[in-house]
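Colleague: This is the structure, below, for whatever I ask next.
In structure tokens form, the structure reads like this:
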């Protein structure tokens with residue numbers, strides 16, 4: 001939202017150069033993209049991932065002889081997911097004025113609630129924790145409130161990309177262990193089909209969440225490249241998993257997860273950060289940091305901000321543009337099915353601030 005300026009300052013405010021998109025228009029385009037993406041996501045979620053935490057798994061068949069390490073990991077997953085109401089409400093309040101993002105957070109919260117219930121069932125039916133212990137543990141967890149890791153929407157959007165990918169990786173590796181595919185000696189011979197199905201089902205949800213937030217970051221990266229790249233740099237510089245400061249036995253949980261080969265610093269660098277970078281057209285963390293540093297060294301001129309042109313060397317802008325175009329085609333195909341295309345269509349608008357290569361026309 002534009003700030004309110006005194007009348008004597010209106011003439012001093014920088015004007016958007018002719019032919020370029022104003023911040024207000026960029027925000028409108030991003031909002032329309034989120035709305036279309038939310039509609040498409042909800043329909044697909046209801047059609048392909050409408051499972052139930054109680055009925056979709058044969059809980060009575062869950063092993064009563066799970067290894068202690070698996071019980072610790074399962075309990076940790078359950079503990080983190082207990083903060084789903086905080087995750088949902090905090091993010092919802094931050095983006096409440098955006099139809100697409102706020103309504104998606106409601107959908108996201110309903111899916112995260114299923115994850116919490118499924119992991120609680122896994123702990124309960126393992127027989128290693130009594131119902132009374134679980135109830136008391138939940139009270140202890142909920143005596144503290146999870147808060148947003150960053151104060152603004154763009155940083156929290158970027159954070160969720162890395163967090164969802166990291167969570168998906170945790171569950172995928174848990175699935176492999178439960179399928180009997182662990183290469184760790186202390187887990188050799190262990191398998192449990194029920195636990196494997198739980199981890200796989202939730203990992204599929206987390207992949208869908210990752211892709212939603214990734215599409216959102218791509219839109220910001222397309223229309224606000226410098227601001228978004230700086231947010232990415234800030235987030236990865238202080239990234240930690242949600243609720244790591246709230247879960248009382250987090251140290252034991254994280255060490256057990258690491259020893260089991262589920263997740264650790266190397267996994268974050270290789271299978272979270274690099275995967276997200278590749279999806280965003282960023283070569284590496286060093287390339288990101290060097291590009292931002294070089295951008296800040298470029299002089300700032302009146303009118304069109306020449307400083308921002310240097311940022312386009314930091315990442316593959318053409319790839320991002322292609323991904324944003326494909327997102328809009330997906331949204332448009334969905335809108336044709338419903339009829340939105342005839343009454344209120346979502347349209348892709350090119351960012352004219354893109355520096356063109358030598359010999360390339362502005363409208364190529």
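Residue numbers (the UniProt record's numbering): 1 to 364.
Even for Gly, the Cβ is constructed at its ideal location relative to N, Cα and C.
Quantities reported herein were computed from a predicted structural model and do not represent experimental measurements.
According to the neighbour-count rule (16 or more other Cβ atoms, all chains shown, within 10 Å of its Cβ), is residue 127 buried or exposed?
Modeller: exposed
Colleague: Rounded to a whole number of angstroms, what is the C-alpha to C-alpha distance between residue 182 and residue 53?
Modeller: 26 Å
Colleague: Does the stretch 225–243 come close enough to the stretch 265–283 to have 3 or more Cβ pairs within less than 8 Å?
Modeller: yes
Colleague: Can residue 209 and residue 69 be called in contact, C-beta distance under 8 Å?
Modeller: Remark: C-beta atoms of residue 209 and residue 69 do not approach each other more closely than 8 Å.
Colleague: Residues in its own chain within less than 6 Å of residue 41 by CB, not counting five upstream and five downstream?
Modeller: 212
Colleague: When you compare each of 319, 258, 288 and 112 to residue 381 by their alpha carbons, which one comes out closest?
Modeller: Since the first residue shown for the chain is 1 and the last is 364, residue 381 is missing from the structure and cannot be characterised.
Colleague: May I ask which residues mark the beginning and end of the alpha helix (DSSP H) holding residue 270?
Modeller: Neither: residue 270 is in no alpha helix (DSSP H) and is coded neither H nor E.
Colleague: Got a sec? Which residues, its chain only, sit under 6 Å from residue 94 by beta carbon, not counting five neighbours each side?
Modeller: Within its own chain, the residues whose Cβ lies closer than 6 Å to the Cβ of residue 94, once the five positions on either side in sequence are excluded, are 153, listed in chain order.
Colleague: Is it buried or exposed for residue 333, if we count other Cβ within 10 angstroms and need 16 for buried?
Modeller: exposed
Colleague: Using 10 angstroms around the beta-carbon of residue 188, count the other beta-carbons present and answer buried if the total reaches 16, otherwise exposed.
Modeller: exposed
Colleague: What residue ranges within the stretch 102–135 form continuous alpha helix (DSSP H) runs of no fewer than 4 residues, ordered along the chain?
Modeller: none
Colleague: Could you please give the first and the last residue of the uninterrupted alpha helix (DSSP H) stretch that includes residue 222?
Modeller: 193–223
Colleague: For residue 114, is the classification buried or exposed, using 16 other Cβ atoms within 10 angstroms of its Cβ as the cut-off for buried?
Modeller: buried
Colleague: Is the closest heavy atom of the ligand PLP to the C-beta of residue 329 under 7 Å?
Modeller: The ligand PLP is not among the ligands present in this structure, which contains no ligands whatsoever.
Colleague: Since I believe residue 163 is in contact with residue 242 (beta carbons under 8 Å), could you give me their beta-carbon distance rounded to a whole number of angstroms?
Modeller: 6 Å
Colleague: Alpha carbons only, please: which of 337, 21, 44 and 121 is nearest the one belonging to residue 199?
Modeller: 121
Colleague: Rank 150, 135 and 149 by C-alpha distance to the C-alpha of residue 143 and give the top, closest one.
Modeller: Among 150, 135 and 149, the Cα nearest to that of residue 143 is on 135.
Colleague: What's the gap between the Cα of residue 301 and the Cα of residue 157?
Modeller: Note that residue 301 has pLDDT 49, beneath the 50 cutoff, so the model's placement of it is unreliable and no number is given.
Colleague: Counting only the same chain and skipping the five closest in sequence on each side, list residues whose C-beta sits under 8 Å from that of residue 244.
Modeller: 250 and 254.
Colleague: If the criterion is Cβ atoms closer than 8 Å, does the pair residue 215 and residue 37 meet it?
Modeller: For residue 215 and residue 37, yes; Cβs fall inside 8 Å.
Colleague: Please state whether the Cβ-Cβ distance between residue 247 and residue 73 is less than 8 Å.
Modeller: It is not a contact, given that the beta carbons lie outside the stated cut-off.
Colleague: Go through its chain and collect everything with a Cβ distance to residue 204's Cβ below 7 Å, but skip five positions before and after it.
Modeller: 49
Colleague: Beta carbon of residue 177, beta carbon of residue 260: below 8 Å?
Modeller: yes
Colleague: Cβ of residue 179 within 8 Å of Cβ of residue 311?
Modeller: no
Colleague: Who are the Cβ neighbours of residue 137 in its own chain at under 6 Å, not counting the five residues just before and after it?
Modeller: No residues qualify anywhere along the chain.
Colleague: For residue 344, count the other beta carbons within 10 Å of its own beta carbon; 16 or more makes it buried, fewer makes it exposed. Which is it?
Modeller: exposed
Colleague: Whose C-alpha, out of 321, 339, 322 and 166, is nearest the C-alpha of residue 266?
Modeller: 166
Colleague: Quick one: grab the DSSP three-state call for residue 354.
Modeller: Residue state, collapsed to three classes: coil.
Colleague: When the Cα atoms are used, what is the spatial distance from residue 104 to residue 56?
Modeller: 24 Å
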